[in-house]
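Reading through the structure tokens given below for one structure.
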Amino acid sequence: PRRCGWFDSVLTRFASQVNGLTGIAVTKLDVLDTLDEVKIATSYKTADGSAREFFPADTWSLAEVEPVYETMPGWNSSTCDVRRIEDLPRNARAYLDRIEELTNAPVCFVSVGTKRSQIITVD
4 PRRCGWFDSV LTRFASQVNG LTGIAVTKLD VLDTLDEVKI ATSYKTADGS AREFFPADTW
64 SLAEVEPVYE TMPGWNSSTC DVRRIEDLPR NARAYLDRIE ELTNAPVCFV SVGTKRSQII
124 TVD
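For the sequence shown, the numbering used here gives the first residue as 4, with consecutive numbering after it.
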């Protein structure tokens with residue numbers, strides 16, 4: 004099985020800021036193909052219940068937070084044969100658009116399967 008977790012926009016935004024990312028590769032999009040809903044972590048909830056939209060500065064603080072998820076509709080359609088971003092299901096495109104909004108970085112590549120050829124290059 005191919006393991007995956009929900010996309011963490013807080014961590015990715017931090018990585019983008021620290022490393023000067025010029026683009027993001029979203030992998031395993033096809034793993035989400037059969038789900039009715041998909042989630043994106045948009046903030047972290049601290050032990051006192053407050054929300055923080057930035058990545059914790061130390062590992063102790065990181066251990067204390069829980070992700071807060073935004074739920075989006077799934078697409079219930081195979082993406083395995085898609086090779087152009089405009090051919091993705093509407094909800095899959097909306098998911099990728101939301102990732103770009105939350106991370107302030109463009110999605111440049113999307114993998115849609117286990118084979119090397121199963122990738123979408125976004126222009």
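Glycine included, every Cβ here is placed at the ideal spot set by N, Cα and C.
Scanning its chain for C-beta atoms nearer than 6 Å, with the 5 sequence neighbours on each side dropped, one finds around P92 the residues W78 and S80, in chain order.
Taking a contact as a CB-CB distance under 8 Å, the pair I43 and M75 counts as one, their CB atoms being some 7 Å apart. When C-alpha distances from V34 are compared across T82, E69, R16 and Q20, the shortest belongs to T82. Under the three-pair Cβ rule at 8 Å, the region 46 to 64 does not count as touching the region 92 to 104. In the DSSP assignment, A28 falls within the unbroken beta strand (DSSP E) covering I27 to V29.
The C-beta separation of V71 from K48 comes to about 5 Å, placing the pair in contact by the 8 Å criterion. G26 and R119 have their C-alpha atoms some 19 Å from each other.
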